[in-house]
Amino acid sequence: MIGLVFLATFINYLDRQTLSVLAPTLREEFGMTNVTYSRVTFAFLLAYTIANGISGPLIDRLGTRLGYALMMIWWSSAAMMHALASNALMLGAFRFLLGLGEAGNWPGGVKVVAEWFPARERALASGIFNSGAALGAIIAPPLIVWVALKLNWQSAFLLVGASGFAWLVLWWLIYYTPLQQHARSEKPISWRRLIRTRFVISLTLAKVFMDPVWYFYIFWFPEYLKRERNFDLASIGKYAWIPFLAADIGNLIGGFVSALLLRRGVSVTIARKSAVTLFAVLMTCSIPAVLVGDVRVSIALVSLAMMGYTGSLANMLTFPADVFPKNTVGSIWGLASMGAGFGGMIFTLITGWVLDHYSYVPVFVMFGIMPLVSASIIWFALGPLRPVVTNLQPVTTS
Numbered sequence: 067m068i069g070l071v072f073l074a075t076f077i078n079y080l081d082r083q084t085l086s087v088l089a090p091t092l093r094e095e096f097g098m099t100n101v102t103y104s105r106v107t108f109a110f111l112l113a114y115t116i117a118n119g120i121s122g123p124l125i126d127r128l129g130t131r132l133g134y135a136l137m138m139i140w141w142s143s144a145a146m147m148h149a150l151a152s153n154a155l156m157l158g159a160f161r162f163l164l165g166l167g168e169a170g171n172w173p174g175g176v177k178v179v180a181e182w183f184p185a186r187e188r189a190l191a192s193g194i195f196n197s198g199a200a201l202g203a204i205i206a207p208p209l210i211v212w213v214a215l216k217l218n219w220q221s222a223f224l225l226v227g228a229s230g231f232a233w234l235v236l237w238w239l240i241y242y243t244p245l246q247q248h249a250r251s252e253k254p255i256s257w258r259r260l261i262r263t264r265f266v267i268s269l270t271l272a273k274v275f276m277d278p279v280w281y282f283y284i285f286w287f288p289e290y291l292k293r294e295r296n297f298d299l300a301s302i303g304k305y306a307w308i309p310f311l312a313a314d315i316g317n318l319i320g321g322f323v324s325a326l327l328l329r330r331g332v333s334v335t336i337a338r339k340s341a342v343t344l345f346a347v348l349m350t351c352s353i354p355a356v357l358v359g360d361v362r363v364s365i366a367l368v369s370l371a372m373m374g375y376t377g378s379l380a381n382m383l384t385f386p387a388d389v390f391p392k393n394t395v396g397s398i399w400g401l402a403s404m405g406a407g408f409g410g411m412i413f414t415l416i417t418g419w420v421l422d423h424y425s426y427v428p429v430f431v432m433f434g435i436m437p438l439v440s441a442s443i444i445w446f447a448l449g450p451l452r453p454v455v456t457n458l459q460p461v462t463t464s
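Taking the working numbering as reference, the numbering of the sequence shown is continuous, increasing by one, and the terminal residue is 464.
Here's what the structure looks like:
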């Protein structure tokens, strides 16, 4: 079951990274400045932010099997529509549609983890499915560049979009909800009540400062290699995947660290928060990455920073299931991920403006410091990670 979510996440990032890899080509073809390109990515993040607040509750209401399938149909169709773009405005419109669908992947994924795995295994299970994102980003540069050079950029969008429909057949034939989940009588917690809880408010704020770092790497790193390190499209295809390989490893290490601490008797609260903080510190490697002259050292430091992000996320993904009932975790992650989208929108516009007026140095410094802010929120505002039983249930759905 977690393998299916891994594949969906892999496809999700193939779709998302196609634009990033082809950005140098599309920017020249459509005459986009840094600010214009930032607005195209902003369109994706705007839709992503809106849809996170909808997709989580929708998947909780429809059930994992049907809800996840509908998300895949939407975003795969939107990915293929990118081939029709003839200017920056159309490209932005199709990115908006893509963001509406792709937001459903993580609420669906954390719901699968909550349905199938006990607490001690959730961080590793989350790391496994989330590693599909990094693998998609690894495969994207060489695959997309190869298709674009052999055929054209439109074919690249069509190819990766079509892969989602192949996954859909497997998902519909294989996935089912465990019987014990059907037997549970508890009603989901109202989203109106959820958004007033300390947990959801704090997790949302933490994601405002954590997730935009990842968005920067996936949307801007190929551009950085071209503009600052003089890489051509073929070189981007050869080397841009390396940091995402490190990110893939980070997913597994993040889950392993948390599981190791739990086996040694550390409480869930301390184990999860300590793991997040350890990997957040690793993300500060982005600061020296922009300052070194050797591009190989720069890529290595960016790789460590991206490993830090996925190691942190593997643990943050388990937070909702550690605290709330399984039939509510999709809603919680969706609501909290609105913070990720909001932060992504703000910081991607800041990135475009800073790059047009200054350089990449202040941008890399900013994204090196932000994870420490996120870790501080998790320690001092989130509260303990223990099940909520009496003070919020039962609550009827809205």
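Yeah, the Cβ is synthetic: ideal placement off N, Cα and C, and Gly gets one too.
(message) By alpha-carbon positions, which one of 165, 102, 244 and 131 ends up nearest to residue 153?
(response) Per the C-alpha coordinates, the member of 165, 102, 244 and 131 positioned closest to residue 153 is 102.
(request) Return the CA-CA distance between residue 204 and residue 384, expressed in angstroms with no decimal places. (result) Spanning the two alpha carbons is a distance of roughly 24 Å.
(request) Report buried or exposed for residue 161, applying the criterion of at least 16 other Cβ atoms within 10 angstroms of its Cβ. (result) buried
(request) With DSSP as the reference, label residue 454 as helix, strand or coil. (result) coil
(request) Consult DSSP for residue 432 and reduce its assignment to one of helix, strand or coil. (result) If DSSP states are grouped into helix, strand and coil, residue 432 belongs with the helices.
(request) Assign residue 298 to one of three DSSP states: helix, strand, or coil. (result) coil
(request) Grab the span of the alpha helix (DSSP H) containing residue 399 for me, first residue to last. (result) 395-423
(request) Would you mind working out which of 320, 333, 386 and 359 sits nearest residue 190, comparing C-alpha positions? (result) 320
(request) In angstroms with no decimal places, state the Cα-to-Cα distance between residue 325 and residue 376. (result) 15 Å
(message) Contact defined as beta carbons within less than 8 Å: I believe residue 201 pairs with residue 314. What is the distance between those atoms, to the nearest angstrom?
(response) 6 Å
(request) At 3 residues or longer, and completely inside the region 138-188: list those beta strand (DSSP E) runs for me, N to C. (result) none
(message) Please report the straight-line C-alpha distance between residue 427 and residue 292, rounded to a whole angstrom.
(response) 15 Å
(request) Taking 8 Å as the threshold, find out whether the region 127-137 comes into contact with the region 327-337 through three or more Cβ pairs. (result) no
(message) Please tell me whether residue 453 has its Cβ less than 9 Å away from any Cβ of chain C.
(response) Of the chains in the structure shown, none is chain C; there is only one protein chain.
(request) List the endpoints of the continuous alpha helix (DSSP H) containing residue 126. (result) 100-128
(request) Could you check how far apart the C-beta atoms of residue 260 and residue 397 are, in whole angstroms? I think they sit under 8 Å. (result) 6 Å
(message) Since residue 180 and residue 164 should fall inside the 8 Å C-beta cutoff, what is the C-beta to C-beta distance between them, to a whole number of angstroms?
(response) Between residue 164 and residue 180 the Cβ distance is about 26 Å, and since that is not below 8 Å, they are no contact.
(request) State the DSSP-derived secondary structure class of residue 217, mapped to helix, strand or coil. (result) coil
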